[in-house]
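A.B. asks: First, the structure itself, so that you have it in front of you.
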Amino acid sequence: MSSTDSISGSTLATPVRTRVPGFVRVHGRSRPSRVLLAFGALTAAVAVIPLVYLVVRVIGAGPDRVIEVLWRARTLETILTSAAFVFVVTTACLIIGITAAWLITRTNIPLRGMWLVLLALPLAMPSYVAAYAWLAQFPWMSGFAAAALIMILVSFPYVALPTAAAFRLADPGVDEVARSLGRGPFRAFTSATFPQIWPAAAAGGLLVALYTLSEFGVVALMRVDTFTRVIYASYRGSFDRVSAAVLALVLVALAALLVWAERRVRGRQQRWRVAASVQRDHVPMQLRRGTRITAISGLIALIVLALGVPIVSLIDLMLRSTDLRFDPAELFTATVSSAGVSLLGAIIAVALALPVGILAARYRTRSVRGIETVSYAGHALPGVVVGLSLVFLTLGVLPFAYQTLFTLALAYAVLFLPKSIGATRSATAAVPPVLEDTARTLGRGPVRAWWSTTARLTAPGVLAGGLLVLLTSMKELPATLMLRPTGLDTLATELWSRTEIAAYGPAAPYALALIALAAVPAWLLSRAMGPDARGRRGTPDTVGA
Amino acid sequence: MTDVDVRGLRAGYPGVEVLTGIDLHVPAGALAAVLGESGSGKTTLLRVLAGFIRPTSGTVSFGDREVCGPGVFVPPEKRQVGIVPQEGALFPHLDVRGNIAFGLPRGAQSRQRVDEVLELVGLTGLADSRPQELSGGQQQRVALARALAPQPQVVLLDEPFTALDAGLRARLRSDVRDVLSQVGATAILVTHDQEEALSMADIVAVMRDGRLVQTGAPHEIYGSPVDLSVARFIGDVVEMPVLEELSDGRVRCGLGDLSISQTITETDGDGSKDVVVLRPEQFTLSTVGATSNGVAVSPASTANIGRVQATRYHGHDAMVTVRISDGSDIDVRVTGVAPPPVGEQVAIAVTGSARRFRSTPPHHV
Numbered sequence: 002m003s004s005t006d007s008i009s010g011s012t013l014a015t016p017v018r019t020r021v022p023g024f025v026r027v028h029g030r031s032r033p034s035r036v037l038l039a040f041g042a043l044t045a046a047v048a049v050i051p052l053v054y055l056v057v058r059v060i061g062a063g064p065d066r067v068i069e070v071l072w073r074a075r076t077l078e079t080i081l082t083s084a085a086f087v088f089v090v091t092t093a094c095l096i097i098g099i100t101a102a103w104l105i106t107r108t109n110i111p112l113r114g115m116w117l118v119l120l121a122l123p124l125a126m127p128s129y130v131a132a133y134a135w136l137a138q139f140p141w142m143s144g145f146a147a148a149a150l151i152m153i154l155v156s157f158p159y160v161a162l163p164t165a166a167a168f169r170l171a172d173p174g175v176d177e178v179a180r181s182l183g184r185g186p187f188r189a190f191t192s193a194t195f196p197q198i199w200p201a202a203a204a205g206g207l208l209v210a211l212y213t214l215s216e217f218g219v220v221a222l223m224r225v226d227t228f229t230r231v232i233y234a235s236y237r238g239s240f241d242r243v244s245a246a247v248l249a250l251v252l253v254a255l256a257a258l259l260v261w262a263e264r265r266v267r268g269r270q271q272r273w274r275v276a277a278s279v280q281r282d283h284v285p286m287q288l289r290r291g292t293r294i295t296a297i298s299g300l301i302a303l304i305v306l307a308l309g310v311p312i313v314s315l316i317d318l319m320l321r322s323t324d325l326r327f328d329p330a331e332l333f334t335a336t337v338s339s340a341g342v343s344l345l346g347a348i349i350a351v352a353l354a355l356p357v358g359i360l361a362a363r364y365r366t367r368s369v370r371g372i373e374t375v376s377y378a379g380h381a382l383p384g385v386v387v388g389l390s391l392v393f394l395t396l397g398v399l400p401f402a403y404q405t406l407f408t409l410a411l412a413y414a415v416l417f418l419p420k421s422i423g424a425t426r427s428a429t430a431a432v433p434p435v436l437e438d439t440a441r442t443l444g445r446g447p448v449r450a451w452w453s454t455t456a457r458l459t460a461p462g463v464l465a466g467g468l469l470v471l472l473t474s475m476k477e478l479p480a481t482l483m484l485r486p487t488g489l490d491t492l493a494t495e496l497w498s499r500t501e502i503a504a505y506g507p508a509a510p511y512a513l514a515l516i517a518l519a520a521v522p523a524w525l526l527s528r529a530m531g532p533d534a535r536g537r538r539g540t541p542d543t544v545g546a
Numbered sequence: 046m047t048d049v050d051v052r053g054l055r056a057g058y059p060g061v062e063v064l065t066g067i068d069l070h071v072p073a074g075a076l077a078a079v080l081g082e083s084g085s086g087k088t089t090l091l092r093v094l095a096g097f098i099r100p101t102s103g104t105v106s107f108g109d110r111e112v113c114g115p116g117v118f119v120p121p122e123k124r125q126v127g128i129v130p131q132e133g134a135l136f137p138h139l140d141v142r143g144n145i146a147f148g149l150p151r152g153a154q155s156r157q158r159v160d161e162v163l164e165l166v167g168l169t170g171l172a173d174s175r176p177q178e179l180s181g182g183q184q185q186r187v188a189l190a191r192a193l194a195p196q197p198q199v200v201l202l203d204e205p206f207t208a209l210d211a212g213l214r215a216r217l218r219s220d221v222r223d224v225l226s227q228v229g230a231t232a233i234l235v236t237h238d239q240e241e242a243l244s245m246a247d248i249v250a251v252m253r254d255g256r257l258v259q260t261g262a263p264h265e266i267y268g269s270p271v272d273l274s275v276a277r278f279i280g281d282v283v284e285m286p287v288l289e290e291l292s293d294g295r296v297r298c299g300l301g302d303l304s305i306s307q308t309i310t311e312t313d314g315d316g317s318k319d320v321v322v323l324r325p326e327q328f329t330l331s332t333v334g335a336t337s338n339g340v341a342v343s344p345a346s347t348a349n350i351g352r353v354q355a356t357r358y359h360g361h362d363a364m365v366t367v368r369i370s371d372g373s374d375i376d377v378r379v380t381g382v383a384p385p386p387v388g389e390q391v392a393i394a395v396t397g398s399a400r401r402f403r404s405t406p407p408h409h410v
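These protein sequences, in sequence, are chains H and S.
Residues 2 to 546 in this note's numbering are what the first sequence lists, from first letter to last.
Residues 46 to 410 in this note's numbering are what the second sequence lists, from first letter to last.
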């Protein structure tokens with residue numbers, strides 16, 4: 002056993018059973034303390050406040066009213082439009098994403114590393130910024146097809162990146178075995194390789210579906226009547242709160258369905274990994290000259306549409322408009338207010354996430370699982386829904402909190418709590434509990450033992466999660482529009498209000514600032530989803546869009 | 046029954062020639078082990094045989110069917126070769142039955158065949174398990190069953206046991222050996238583990254830097270290595286410099302006079318090497334003073350008297366390091382029954398003869 006190629010496999014031969022590896026308490030103290038559970042339950046309660054309040058409102062309206070809203074032609078139309086929109090975008094992302102991933106991992110196209118980076122970059126383009134950049138050049142763009150195009154261009158990396166990773170991770174031996182068992186190259190691909198990458202692609206596709214369903218900025222700018230725009234319109238335009246609430250609940254149900262499906266697929270994908278096999282590079286498929294040129298042209302076209310057009314458009318806007326009427330002080334103010342309220346949101350999110358993250362990393366009891374699942378509610382709650390619910394809640398129950406900084410920060414915390422929990426959980430899981438136990442034996446109480454060991458070691462991860470919440474909150478649009486205190490302008494709302502009145506030039510600096518903000522989470526996300534993610538355990542929902 | 050014949054095979058990857066001329070003949074039904082360190086090219090050879098790599102020159106024939114040669118290249122799916130990859134490479138999305146039936150046509154007969162090979166590899170009853178539920182050893186058994194199911198002419202095994210722990214490995218080796226001889230397939234096993242090669246194979250081919258340096262039965266390789274590197278690679282050695290060449294085909298070294306079975310002159314050295322090589326089990330020890338136990342202790346020399354420096358005890362045997370009078374250490378393998386304690390004075394006797402390896406600088410050839 003002296004040679005190096007024997008070392009790699011032996012320790013990894015056991016199948017992966019749990020979703021997050023690391024140090025779970027298996028022996029000894031397998032029950033969490035009551036205090037920790039109580040704090041966790043509090044977090045879960047906060048996370049579902051918006052949902053619960055919506056349900057309460059809908060129930061309060063009475064079944065007749067609900068049925069009446071549901072049976073309206075408008076409702077059916079909204080459902081059909083949303084479903085068609087989600088279907089078109091998701092299907093296109095799957096086709097583009099899988100093809101691109103295959104090209105850059107399994108064929109002989111040149112500069113495969115560069116293509117990988119380019120395919121990840123659209124993640125740094127907030128969807129409504131892309132929509133704005135296109136609109137500024139082509140003001141006639143509007144409607145279903147235009148909105149779908151924008152969504153596809155900003156979302157396909159959610160499929161392409163994990164699929165590329167899966168292509169690389171897929172054991173080349175499996176494909177070879179299929180070949181020697183009598184399958185030709187194409188059939189070996191469909192029967193042996195494709196089943197291995199499909200879970201990754203499907204999970205990515207379901208994320209795309211979820212984000213498309215929750216998308217507000219793009220559909221609003223392109224005037225497509227999906228759920229989010231209809232809900233926002235009925236909140237803005239009428240006092241028909243019941244119909245907004247009912248539609249919001251239907252939206253949440255659909256989103257929850259997608260989240261559930263995504264979890265299932267991703268769980269299966271991880272269980273499928275039989276053994277970490279000795280990593281051998283795939284022999285790239287030699288494309289013929291014509292095919293190769295077509296493939297490269299396709300990739301170039303994709304990148305030009307997803308990155309080139311918006312970036313050139315923004316630069317053009319900056320250069321062209323001599324009368325930018327750009328006020329640096331206004332941009333500064335917007336950035337500071339964005340940052341201020343988002344920081345408050347991030348602090349709330351980190352505080353709420355701590356008990357849940359620790360519980361989820363260390364214990365596997367039923368109550369812990371319940372708390373964790375409920376705390377992830379924000380993942381299935383579109384910004385429009387959280388905004389609407391908190392508007393109702395503050396107006397109906399806590400009028401003094403209506404349109405206050407705190408309510409907006411709370412909305413951010415609820416929406417992005419999953420990111421913070423994910424970060425806390427994986428940071429905690431990476432620290433062996435034996436450290437804390439040792440600190441206990443050296444004479445420290447439970448809290449001090451935690452503080453002097455695990456807390457120190459997990460602080461960077463926990464803070465990174467908080468930073469992620471901060472940056473993501475600064476981009477948030479629909480909930481901000483509904484909940485912001487009068488006079489508070491964030492980067493997102495400034496861009497929005499200028500774009501709405503077709504003041505495209507003056508909006509450009511805000512768009513660039515938003516891209517800069519989005520770059521950090523996008524970078525983290527592409528690291529977590531990308532082909533080098535082997536062994537690292539980021540899941541899309543710990544970072545997210 | 047199909048033999049495997051490889052002639053003048055050269056292959057590699059763009060820019061690197063990995064195999065630089067391989068000739069190998071494996072008789073029908075035999076198990077050949079290609080033994081080499083990692084990077085020696087053994088896996089490349091296996092991949093050429095399977096059809097995953099197109100060789101640059103040379104021929105490969107299975108029986109009277111040429112699968113690659115000038116103008117001939119049979120793709121993997123048409124070669125009727127079964128492969129057992131390093132870690133099984135089971136299809137993760139299929140259960141055991143689905144894995145094994147993968148290479149079979151659909152139908153009732155296939156179902157029966159799956160049950161047959163499952164029984165053959167000793168996994169009856171696990172047909173509906175998923176690969177993830179199996180232990181490493183079971184996964185390898187399924188991989189073997191999957192390879193054997195379509196009744197291939199040739200079976201290729203790519204270090205199939207390395208990922209397993211020691212106890213499991215030994216059992217699986219002998220089981221695989223039995224299964225292969227039962228089905229009568231010609232098999233080629235690639236490994237870096239000399240013990241595995243010696244214990245499993247009918248023929249061992251030692252590979253180094255892309256060529257086969259020695260091919261033969263296990264005892265030939267072990268007993269008559271063609272050069273010093275092979276001798277060292279294939280097992281433990283005791284090397285002693287030659288001090289003086291004696292007239293009767295014997296040499297004098299630190300341990301006294303030894304008879305030489307063969308002298309091998311290598312031309313790749315700088316001319317400074319001249320050693321005799323023995324295996325640790327060629328020595329026997331006796332306690333000094335108890336000379337009447339039949340072991341010949343030459344009264345004329347005290348060169349073979351030494352003191353035990355260290356003992357590595359393995360249970361069934363023990364390796365005893367003895368420091369002899371000239372200060373060099375000699376490893377001696379003794380049975381595990383009663384190894385001599387450290388510090389004990391012992392006499393060393395030699396069974397059989399030694400091999401002598403000399404080197405001459407290349408320009409002397």
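Ideal placement from N, C-alpha and C gives every residue a C-beta, glycine not left out.
Please report whether the beta-carbon of Ile393 (chain S) lies at a distance below 7 Å from any beta-carbon of chain H.
C.D. replies: No, no contact with chain H.
A.B. asks: Take Leu149 (chain S) and list the residues in its own chain whose beta-carbon comes closer than 7 Å to its own, dropping the five residues that flank it on each side.
C.D. replies: Excluding positions up to five away in sequence, the list reads Ser155, Arg158, Ala194, Pro195.
A.B. asks: For Cys113 (chain S), which of S:Val51, S:Leu69, S:Leu64 has the nearest alpha-carbon?
C.D. replies: Among S:Val51, S:Leu69, S:Leu64, the Cα nearest to that of Cys113 (chain S) is on S:Val51.
A.B. asks: Closer than 7 Å, CB to CB, is Gly183 (chain H) near chain S or not?
C.D. replies: True, the Cβ-Cβ gap to chain S drops below 7 Å.
A.B. asks: Our contact map puts Leu492 (chain H) next to Ala296 (chain H) with C-beta atoms below 8 Å; I'd like the distance itself, whole angstroms only.
C.D. replies: Between Ala296 (chain H) and Leu492 (chain H) the Cβ distance is about 38 Å, and since that is not below 8 Å, they are no contact.
A.B. asks: Work out the CA separation of Leu472 (chain H) and Thr494 (chain H) for me, nearest whole Å.
C.D. replies: Roughly 15 Å separates the two Cα atoms.
A.B. asks: Could you give the first and the last residue of the continuous beta strand (DSSP E) run that contains Ile110 (chain H)?
C.D. replies: From DSSP, Ile110 (chain H) is part of no beta strand (DSSP E); its letter is neither H nor E.
A.B. asks: Whose Cβ in chain S lies nearer than 7 Å to the Cβ of Gly61 (chain H)?
C.D. replies: None at all; the shortest Cβ gap to chain S is about 48 Å.
A.B. asks: To the nearest angstrom, report how far apart Trp72 (chain H) and Val470 (chain H) are at their CA atoms.
C.D. replies: One C-alpha to the other measures close to 38 Å.
A.B. asks: Less than 7 Å separating the beta-carbons of Thr231 (chain H) and Ala62 (chain H)?
C.D. replies: According to the sequence as given, residue 231 (chain H) is Val; it is not Thr. Going by C-beta atoms, Val231 (chain H) is not nearer than 7 Å to Ala62 (chain H).
A.B. asks: Label Gly185 (chain H) either buried or exposed according to how many other C-beta atoms from any shown protein chain fall within 10 Å of its C-beta, with 16 as the threshold for buried.
C.D. replies: Counting Cβ neighbours within 10 Å, Gly185 (chain H) comes out exposed, since fewer than 16 surround it.
A.B. asks: Around the Cβ of Tyr454 (chain H), are there at least 16 other Cβ atoms within 10 angstroms (buried) or fewer (exposed)?
C.D. replies: According to the sequence displayed, residue 454 (chain H) carries Thr and not Tyr. Thr454 (chain H) comes out buried.
A.B. asks: Can you name the residues of chain H whose CB is closer than 7 Å to the CB of Phe107 (chain S)?
C.D. replies: Chain H residues near Phe107 (chain S): none, gap ~13 Å exceeds 7 Å.
A.B. asks: How would you list, in chain order, the residues of chain S whose beta-carbon sits under 7 Å from the beta-carbon of Asp172 (chain H)?
C.D. replies: Those are Ala134, listed as they occur along chain S.
A.B. asks: Report the three-state DSSP secondary structure of Asp68 (chain S) (helix, strand or coil).
C.D. replies: Strand, per DSSP.
A.B. asks: Can you tell me whether Gln198 (chain S) is buried or exposed, with buried defined as 16 or more other CB within 10 angstroms of its CB?
C.D. replies: Classification for Gln198 (chain S): buried.
A.B. asks: What does Phe97 (chain S) reach in chain H if we use C-beta pairs closer than 8 Å?
C.D. replies: The answer, in chain order, is Glu177, Arg180, Val284.
A.B. asks: If contact is defined by three or more beta carbon pairs under 8 Å, each pair taking one atom from either stretch, is the stretch 136-144 of chain S in contact with the stretch 84-95 of chain S?
C.D. replies: Contact between the stretch 84-95 of chain S and the stretch 136-144 of chain S is absent, because fewer than three Cβ pairs lie under 8 Å.
A.B. asks: With 7 Å as the threshold, decide whether the Cβ of Ile248 (chain S) is near any Cβ in chain H.
C.D. replies: No, Ile248 (chain S) lies away from the interface with chain H (no Cβ there is under 7 Å from its Cβ).
A.B. asks: How long is the line joining the alpha carbons of Gln27 (chain S) and Ser181 (chain H), rounded to whole angstroms?
C.D. replies: One cannot answer for residue 27 (chain S) here, as it falls past the ends of chain S, which runs 46 to 410.
A.B. asks: Hey, is Ala307 (chain H)'s beta-carbon within less than 7 Å of any beta-carbon in chain S?
C.D. replies: No, because no Cβ of chain S sits closer than 7 Å to the Cβ of Ala307 (chain H).
A.B. asks: From the DSSP output, in three-state form, read off Glu98 (chain S) for me.
C.D. replies: Reading the sequence as shown, one finds Ile at residue 98 (chain S) and not Glu. Correct three-state label for Ile98 (chain S): coil.
A.B. asks: Is Val260 (chain H) closer than 7 Å to Ala582 (chain H) when the C-beta atoms are compared?
C.D. replies: Given a span of 2 to 546 for chain H in the structure shown, any question on residue 582 (chain H) remains unanswerable.
A.B. asks: Listed in chain order, which residues of the stretch 192-214 of chain H have Cβ atoms closer than 9 Å to some Cβ of chain S?
C.D. replies: Here the close residues are Ser192, Ala193, Pro196, Gln197, Trp199, Pro200.
A.B. asks: Tell whether a beta-carbon distance below 7 Å holds between Ile151 (chain H) and Ala125 (chain H).
C.D. replies: Their beta carbons are not under 7 Å apart, which means Ile151 (chain H) does not touch Ala125 (chain H) by this criterion.
A.B. asks: At 8 Å on the CB atoms, spell out the chain H contacts of Pro121 (chain S), in chain order.
C.D. replies: The answer, in chain order, is Glu177, Arg180, Ser181.
A.B. asks: For a test of the three-state rule: what should DSSP assign to Ile68 (chain H), helix, strand or coil?
C.D. replies: In this structure, Ile68 (chain H) counts as helix in the three-state DSSP scheme.
A.B. asks: Classify Pro140 (chain H): buried if its beta carbon has 16 or more other beta carbons within 10 angstroms, exposed otherwise.
C.D. replies: Answer is exposed; the Cβ neighbour count stays below 16.
A.B. asks: Starting from Ile369 (chain S), follow its DSSP beta bridges and name the residues at the other end.
C.D. replies: S:Gly351, per the DSSP bridge assignment.
A.B. asks: Could you spell out the range, first to last residue, of the beta strand (DSSP E) harbouring Phe402 (chain S)?
C.D. replies: 399-404 is the extent of the beta strand (DSSP E) around Phe402 (chain S).
A.B. asks: Out of H:Leu318, H:Thr76, H:Tyr233, which has the shortest C-alpha to C-alpha gap to Val387 (chain H)?
C.D. replies: For Val387 (chain H), the nearest C-alpha among the options comes from H:Tyr233.
A.B. asks: Going by DSSP, what residue range makes up the alpha helix (DSSP H) through Glu495 (chain H)?
C.D. replies: Note, Glu495 (chain H): alpha helix (DSSP H), 492-501.
A.B. asks: In the stretch 353-367 of chain S, which residues sit with their C-beta less than 9 Å from some C-beta in chain H, listed in chain order?
C.D. replies: Going along the stretch 353-367 of chain S in chain order, one finds no residue with a Cβ nearer than 9 Å to chain H.
A.B. asks: Give the DSSP bridge partners of Thr260 (chain S), in chain order.
C.D. replies: Its beta-bridge partners are S:Ala250.
A.B. asks: In whole angstroms, what is the alpha-carbon distance linking Ile301 (chain H) and Ala166 (chain H)?
C.D. replies: Each residue's alpha carbon lies about 21 Å from the other.
A.B. asks: If you compare alpha carbons, which of H:Val178, H:Ala509, H:Arg370 is closest to Pro329 (chain H)?
C.D. replies: Considering only alpha carbons, the answer is H:Ala509.
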